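Asker:
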Amino acid sequence: MWALRAAVRPGLRLLSRGRSAPRAAAPSCPARALASVGRRSPGNLEGPWGGGRGLRADGGRSRTGDDEEEPEDADENAEEELLRGEPLLPAGTQRVCLVHPDIKWGPGKPQMTRAEWQVAEATALVHTLEGWSVVQTMVVSTKTPDRKLIFGRGNFEHLTEKIRGSPDITCVFLNVERMAAPTKKELEAAWGVEVFDRFTVVLHIFRCNARTKEARLQVALAEIPLHRSNLKRDVTHLYRGVGSRYIMGSGESFMQLQQRLLREKEAKIRKALDRLRKKRHLLRRQRTRREFPVISVVGYTNCGKTTLIKALTGDAAIQPRDQLFATLDVTAHAGTLPSRMTVLYVDTIGFLSQLPHGLIESFSATLEDVAHSDLILHVRDVSHPEAELQKCSVLSTLRGLQLPAPLLDSMVEVHNKVDLVPGYSPTEPNVVPVSALRGHGLQELKAELDAAVLKATGRQILTLRVRLAGAQLSWLYKEATVQEVDVIPEDGAADVRVIISNSAYGKFRKLFPG
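When you line the sequence shown up against the numbering used here, it's residues 68 to 581, in that order.
1) Going along the chain, which residues of its own chain have a beta-carbon closer than 8 Å to the beta-carbon of D169, five neighbours each way excluded?
2) Mind checking A277: buried by the 16 CB within 10 Å criterion, or exposed?
3) What does DSSP give as the partner residues of P471 in its beta bridges?
4) In terms of residue numbering, what span does the alpha helix (DSSP H) encompassing P249 cover?
5) Within 10 Å of its beta-carbon, does P496 have 16 or more other beta-carbons around it, so buried, or fewer, so exposed?
6) Starting from the N-terminal side, write out each stretch of the beta strand (DSSP E) that is 3 residues or longer and does not extend beyond the region 554-580.
7) By how many angstroms is the C-alpha of P360 removed from the C-alpha of L37?
8) Please identify the residue among T267, E228, F223 whose C-alpha is closest to the C-alpha of L192.
9) To test your reading of the DSSP string, which unbroken beta strand (DSSP E) runs of 3 or more residues are found completely within the region 488-520?
10) Would you call R265 buried or exposed, if buried means 16 or more other Cβ atoms sit within 10 Å of its Cβ?
11) Would DSSP call T415 helix, strand or coil?
12) In chain order, what residues of the same chain lie with their CB nearer than 7 Å to the CB of A378, ignoring the 5 residues before and after it?
13) Is it right to say I555 is buried, meaning 16 or more other beta carbons lie within 10 angstroms of its own, or is it exposed?
14) For P500, does the count of other Cβ atoms within 10 angstroms reach 16, so buried, or fall short, so exposed?
15) Buried or exposed: which applies to P387, given that a residue is buried once 16 or more other Cβ atoms fall within 10 Å of its Cβ?
16) Is the Cβ-Cβ distance between Q539 and Y572 less than 8 Å?
17) Assuming V481 and R447 make a contact with CB atoms under 8 Å, what is their CB distance in whole Å?
18) Rounded to the nearest angstrom, what separates E253 and V262 at their Cα positions?
19) Cutting at 7 Å between CB atoms, please list the residues of its own chain near L38, excluding the five before and the five after it.
20) How many Å lie between E557 and R534 at the Cα?
21) So, using beta-carbon positions, are L434 and V479 closer together than 8 Å?
22) Count the other CB atoms within 10 Å of the CB of Y544; is the residue buried (16 or more) or exposed (fewer)?
23) Nearest by alpha-carbon distance to V166: which of P157, V202, G159 is it?
24) Using a Cβ-Cβ distance cut-off of 8 Å, determine whether L516 contacts chain C.
25) Straight-line CA distance for A523 to R576?
26) Along the chain, where does the alpha helix (DSSP H) containing A547 start, and where does it finish?
27) Tell me which same chain residues have a C-beta within less than 7 Å of the C-beta of R231, skipping the five on either side of it?
28) Near F579, what residues of its chain come up, given a Cβ to Cβ distance below 6 Å and the 5 sequence neighbours on each side ignored?
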């Protein structure tokens with residue numbers, strides 16, 4: 068994942084979607100009921116989230132326990148098992164009714180947002196899903212967003228009438244961060260179609276766009292709260308009318324069994340992520356030893372980060388995609404600045420207003436690299452009508468990561484997509500306008516990055532006298548950035564202009580005294 072020249076693999080095809088099949092009737096016996104929740108093989112039962120390693124039908128454990136050390140191949144197989152799961156959204160074409168609760172006042176009102184922008188962003192989320200389209204949009208005022216049915220009685224009845232009276236609507240996207248399971252149940256019963264919240268839609272997009280095992284595990288970890296909130300409703304549905312809710316001989320109810328499986332899966336995902344995090348730390352230490360300056364490229368989703376990195380590095384393997392959350396797997400790409408310094412541009416996950424907290428928490432380990440970078444490059448889409456609100460959202464998220472103050476203070480801001488704004492001229496100081504797609508302003512940006520990296524890393528520009536017969540010149544080419552070599556034949560020496568870090572300069576003086 069952290070290779071120096073990480074290539075973006077071809078995009079994964081989004082799952083096809085459509086209306087889900089009707090639920091099956093409650094099974095007639097407990098064993099079949101549990102099998103219908105998950106997968107059932109001889110001697111092994113699992114929930115819809117998997118993870119029930121070696122669980123027997125009698126509720127006991129098989130010989131392989133969590134406390135035993137497993138070989139690496141077993142870890143790999145276990146990780147792949149954790150990544151299996153049912154689609155979060157229905158298959159096939161979907162015609163969506165987008166319902167946006169417009170909170171007029173009160174503690175639940177979002178900060179620094181407008182209904183029009185939120186609706187446009189929600190529409191973009193829906194259109195990211197293949198085969199999905201918004202056929203109706205309803206912005207409905209509410210003073211009671213924390214109530215079970217979100218809206219007041221009059222508005223709710225009006226909504227129900229319109230949705231029920233529109234046969235072309237196949238599902239509803241309620242533009243709230245999370246719905247409680249009882250709310251989802253009540254709304255679906257009233258409206259007659261499936262209802263999804265922002266968390267479920269964004270999480271499904273994340274799952275479809277995740278490439279590496281780490282990103283896929285992070286998505287699986289973020290799904291845990293969703294499974295947990297749906298657990299009681301699903302188990303109640305499956306076992307309605309069943310005489311016993313306990314597995315024979317175990318003293319454990321079906322609900323307790325599923326909760327335990329869920330806890331076990333969460334623990335296994337965290338363990339797998341810890342293993343991958345240790346590998347990433349090792350690669351970070353290797354980069355530190357080579358002393359490559361690291362520039363983390365951050366910005367609102369679909370602002371053009373990946374396109375800009377491709378323009379700065381000339382890496383033809385980078386394939387930007389014009390969609391939300393196209394980048395989930397953090398990758399590093401080498402580029403050269405005008406001073407001849409080699410730097411690493413780290414492409415990060417795009418930010419989003421009201422990004423569900425569970426997703427931020429799951430991807431916090433990925434964003435660790437931002438904290439360990441030398442410089443942050445904040446890319447903004449100045450063609451977006453709400454560019455200022457997007458900036459506020461990004462800065463708020465960065466502050467929430469508790470980054471070092473010097474790192475935030477030295478951040479370079481670049482205004483991208485200026486080709487879409489005729490006659491654009493930035494009104495803010497110390498920003499660089501560019502068009503990553505057209506190549507405008509790239510040299511000015513590289514010059515700004517050159518100066519910022521020198522300042523942030525404390526590198527010096529020195530002219531050193533070296534002997535041509537020794538190993539000094541080759542050492543400098545390896546450990547520093549050689550800008551110019553002025554050979555003095557009569558002295559058998561050369562004056563070498565270099566950019567060098569303090570630690571490298573100390574090594575040079577120790578190895579080549581005098």
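We treat Cβ as the ideally placed atom computed from N, Cα and C, and that holds for glycine. Here the structure is a predicted model, which is why all the values come from computation and not from measurement.
Answerer: The relevant details are as follows:
1) Listed in chain order, the non-local C-beta contacts of D169 below 8 Å within the same chain comprise A182, V206, V207, S208, T209, local neighbours out to five positions each way being set aside.
2) Buried is the call here.
3) Note: P471 sits in no beta bridge, so no partner.
4) From DSSP, the alpha helix (DSSP H) with P249 extends over 248-258.
5) Classification of P496: exposed, given that the 10 Å Cβ count is below 16.
6) Note on the region 554-580: whole beta strand (DSSP E) runs with a minimum of 3 residues are 560-567, in chain order.
7) No statement about residue 37 is possible, as the shown extent of the chain runs from 68 to 581 and does not include it.
8) Considering only alpha carbons, the answer is T267.
9) 498-500, all fully within the region 488-520.
10) Flag for R265 reads buried.
11) Assignment of T415 by DSSP, reduced to helix, strand and coil, places it in the coil class.
12) Excluding sequence neighbours, A378 sits near A503, G506, L509.
13) Label assigned to I555: exposed.
14) By the 10 Å Cβ count, P500 comes out buried.
15) Buried is the call here.
16) For Q539 and Y572, no; Cβs fall outside 8 Å.
17) 7 Å between Cβ atoms; contact.
18) In this structure, the alpha-carbon of E253 lies about 10 Å from that of V262.
19) Limits of the chain in this structure are 68 at one end and 581 at the other, which puts residue 38 out of reach.
20) Their backbone Cα atoms lie some 11 Å apart in a straight line.
21) Not in contact: L434 and V479 (Cβ atoms no closer than 8 Å).
22) Counting Cβ neighbours within 10 Å, Y544 comes out exposed, since fewer than 16 surround it.
23) For V166, the nearest C-alpha among the options comes from V202.
24) The structure shown has no chain C; it contains just one protein chain.
25) Using only the alpha carbons, I get a separation of about 23 Å.
26) For A547, there is no enclosing alpha helix (DSSP H), as DSSP marks it with neither H nor E.
27) Closer than 7 Å at Cβ, skipping near neighbours: W258, G259.
28) Taken in chain order, the residues that qualify are Q539.
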